[in-house]
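For the sequence shown, position 36 matches number 35 in numbering that gives the first Met the number 0, and the numbering has no gaps at all.
Notes follow once the structure below has been shown.
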Amino acid sequence: MDALVQWLVRRRLEDGRLPRGRITDVQHAVMNGLECDGCGALITKTHKAVTGVSVDDWRDIRMHVECFDVWDSERGGRGCRRQNIAPPRFEPTTSLESWWLF
Ligand SMILES: [Zn+2]
């Protein structure tokens, strides 16, 4: 576990930028150029990422997979079995061009 990521996630849990409750609709995602809610770094298309919706306040959450694991551990979660997360789905806004990249 990266100590910096762990520290950043803890800070964000403490100041409320990250939820302590459950996240629903968790799935792997492909994104490019969006900020990770866990570490603040950009998520590029070469990174593995997870999205979900906070049950506490219904905000969208996106994180690197590694940050998600740290968040789940730091919030005292029971551990989300990522192997049970749905594979990426193709949103209606996904262009045919990007679809072919898969
Ligand atoms: Zn991150």
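Quick reminder that beta carbons are idealized off the backbone N, C-alpha and C, glycines included.
Item                                                                                               : Value
N- and C-terminal bounds of the beta strand (DSSP E) containing Asp24                              : Ile22 to Ala28
Residue closest to Met30, alpha-carbon to alpha-carbon, out of Leu41, Arg16, Val8 and Gln5         : Leu41
Which listed residue (Ala48, Asp68, Asp24 and Val25) has its alpha carbon closest to that of Leu33 : Ala48
Per DSSP, cross-strand counterpart(s) of Leu41                                                     : Glu34
Backbone CA spacing between Gln5 and Trp70 [nearest angstrom]                                      : 8 Å
CB contact flag (Leu12, Arg74, <7 Å)                                                               : yes
Whole-angstrom C-beta distance between Gly37 and Leu17, which should lie under 8 Å                 : 7 Å
Cβ-heavy atom distance, His63 to ligand 1, below 6 Å                                               : yes
Residues near Asp1 in its chain [Cβ-Cβ closer than 8 Å; skip 5 each side]                          : Glu65 and Val69
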